[in-house]
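See structure below.
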Amino acid sequence: MRLNFLGGVGEVTGSCTLVETAEMRFLVDCGMFQGGHEAWTKNQAALAFDLRRLDFVLLTHAHIDHSGLLPRLCALGYRGPIHVTTTTAELLEVMLTDSAHLQEKEAEWRSRHRDARRQRPTPPLYTVSQARACLAQLRTVAYETEFRPHPALNCSFHDAGHILGSAIIDAHLRTGAGTRRLVFSGDLGQAANGLLLPPRHIDSADLLLVESTYGNRMHKTPEQTQTELHAAISGTLANGNVIIPAFAVGRTQAVLYALAGLARSGRLPPLRIFIDSPMAEKATLITRRHLELLAPEVRELDRWMRGNPPELQLRYTHEVEESMALNQIRAGAIIISASGMCDAGRIKHHLRWNLPRSSCAVLITGFQAAGTLGRRLVDGARNVRIFNDDIPVRAQLHTIGGLSAHADREGLLAWLRGFAHAPGRSFVVHGERETASGFRDEIKRRLGWTGVESPLQGEAYTLEA
Ligand SMILES: [Zn+2]
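Going left to right, the sequence shown walks through residues 1 to 465 as our numbering numbers them.
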């Protein structure tokens with residue numbers, strides 16, 4: 001068997017692993033590279049292998065860094081099935097079409113600016129109609145239901161607790177030498193992140209790929225997070241607004257239910273919350289349709305929200321005009337909007353209006369990559385540039401670290417302790433280079449495992465059958 005690490009190694013975007021055996025060839029994830037100038041080039045150059053010989057694709061979850069190149073894969077000629085969980089398919093419909101819109105816009109911009117001097121139009125990575133065509137290739141399976149993407153492979157998806165529909169892939173491969181169990185963790189959630197169920201434990205594997213996004217860090221506890229959230233909000237609403245940049249899928253819902261918890265316990269007065277992002281609205285509605293996938297406390301909270309609308313007034317703003325009208329509100333509003341790193345989307349308008357006011361608060365709830373507006377705010381900038389205006393930063397800035405959708409170092413190790421024996425071979429993926437190699441050493445030291453590697457992009461490993 002040969003493993004080709006095509007992306008999502010030594011970094012956290014572009015997840016893609018090509019598995020080749022004597023009998024079959026398949027991909028696990030097909031993610032987009034994001035952030036930085038190289039991303040565009042890397043996405044253009046990705047998927048440079050013989051697509052006609054690809055038998056099927058297995059997808060761990062809907063996040064774009066795991067799914068974002070699927071439409072390109074299909075546009076380049078792949079016609080086979082893409083196996084996903086039922087809820088992942090619902091999210092992909094929203095996310096891949098949205099991603100295609102962005103690709104079309106980016107290509108248009110490039111054609112007008114960057115590539116204009118070379119006098120040639122830049123084609124988008126994929127179009128909206130190509131994204132729709134790709135959605136037709138999805139094959140959905142429920143959690144804990146065995147399926148056979150190939151006569152020699154039995155698979156099932158287990159709940160990974162990361163975002164709605166996220167899955168650990170459990171694959172049993174029959175070879176001449178017997179059966180081999182291949183486990184792909186995908187992204188793993190926190191055991192108690194307050195939103196989803198904890199990741200399912202797996203007890204054995206011959207081959208394991210495990211993520212390491214926060215392999216070098218610890219999150220705060222849910223109680224500490226509630227206390228921080230309360231402190232950041234309670235003094236603000238009387239005279240100002242609270243602005244929360246958040247990723248549309250996962251983070252927005254985690255923030256919403258954390259706020260609901262505070263309102264329900266009476267620690268905060270009745271809240272007026274606006275979700276100002278069309279994609280976040282769709283993701284929230286999908287989440288609220290799948291209460292069975294949420295943690296029992298969250299199911300209970302959701303019931304409370306439905307029964308007590310005056311305690312938590314939740315409004316979705318659809319039209320741009322409605323979004324702009326929010327800028328007239330001087331106090332008492334909590335506005336959750338995207339993008340999560342403040343670089344694009346409607347959040348920029350809300351920051352433009354609320355950052356100069358010392359009575360307002362901005363809550364940072366997620367990782368802010370270098371070079372983004374969110375990162376400049378976290379780093380304490382006194383002035384920032386938004387829409388070509390110099391905006392003074394007078395609002396109170398708070399970083400709430402505990403709402404992450406990823407397990408932290410101890411969370412990952414706890415999941416690995418679920419294995420009764422060390423897997424034959426383990427590969428640490430989906431982490432910045434130093435983080436992944438550090439976590440590899442941690443696994444060896446703390447669990448006593450051998451045969452653990454942290455591969456880099458483009459590397460391939462041949463494993464004996
Ligand atoms: Zn993810």
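C-beta atoms are modelled at their ideal positions from N, C-alpha and C, and glycine is treated no differently. All of these numbers come straight from a predicted model, not from anything done at the bench.
- Contact check for Val393 and Leu355: beta-carbon distance about 5 Å, within the 8 Å limit, so the pair qualifies.
- By the neighbour-count criterion, in which 16 or more other beta carbons inside 10 Å mark a residue as buried, Ala22 falls on the exposed side.
- At a Cβ-Cβ threshold of 8 Å, His66 and Gly31 count as neighbours.
- The residue from Ile443, Thr399 and Leu173 with its alpha-carbon nearest to that of Leu412 is Ile443.
- Secondary structure at Glu11: coil, using DSSP grouped into helix, strand and coil.
- A distance filter of 5 Å between CB atoms and the heavy atoms of ligand 1 selects the following residues in sequence order: His63 and Asp187.
- By the criterion of at least three beta-carbon pairs nearer than 8 Å, the region 205-214 is not in contact with the region 240-250.
- In the three-state DSSP reduction, Asp170 falls in the strand class (E or B).
- By the Cβ-count criterion, Trp415 is buried, with 16 or more other Cβ atoms from all chains shown falling within 10 Å of its own Cβ.
- DSSP lists Arg272 as the beta-bridge partner residues of Gln313.
- For the 8 Å CB-CB criterion, Ile275 and Thr284 form a contact.
- In the three-state reduction of the DSSP assignment, Gln368 falls in the coil class, being assigned neither a helical nor a strand state.
- Counting along the chain, Ala258 sits inside the alpha helix (DSSP H) bounded by residues Arg251 to Arg264.
- When rounded, the separation of the alpha-carbon atoms in Asp206 and Gly215 is 22 Å.
- Apart from the 5 residues on each side of it in sequence, Arg25 sits with its Cβ closer than 6 Å to the Cβ of Arg53, Leu54 and Asp55 in its chain, given in chain order.
- Between Leu3 and Arg112, the alpha-carbon positions lie close to 40 Å from each other.
- Secondary structure note for Ala460: its beta strand (DSSP E) is the uninterrupted segment Ala460 to Thr462.
- When only Cα atoms are considered, Ala89 and Ala405 end up about 19 Å apart.
- DSSP places Gly438 in the helix class (H, G or I) of the three-state scheme.
- Between Leu403 and Leu377, the gap from beta carbon to beta carbon reaches 8 Å or more.
- Membership of Ile82 in any alpha helix (DSSP H) is not indicated; the residue belongs instead to the beta strand (DSSP E) covering Ile82 to Thr85.
- In the three-state reduction of the DSSP assignment, Leu195 falls in the coil class.
- Your pair Ala325 and Cys360 does not check out as a contact, with CB atoms roughly 17 Å apart and the cut at 8 Å.
- At a Cβ-Cβ threshold of 8 Å, Val428 and Arg440 count as neighbours.
- Counting C-beta pairs with one atom in each stretch, the region 379-391 and the region 137-151 have fewer than three that are closer than 8 Å, which means they do not touch.
- Residue pairing from DSSP places Arg2 in a beta bridge opposite Glu20 and Thr462.
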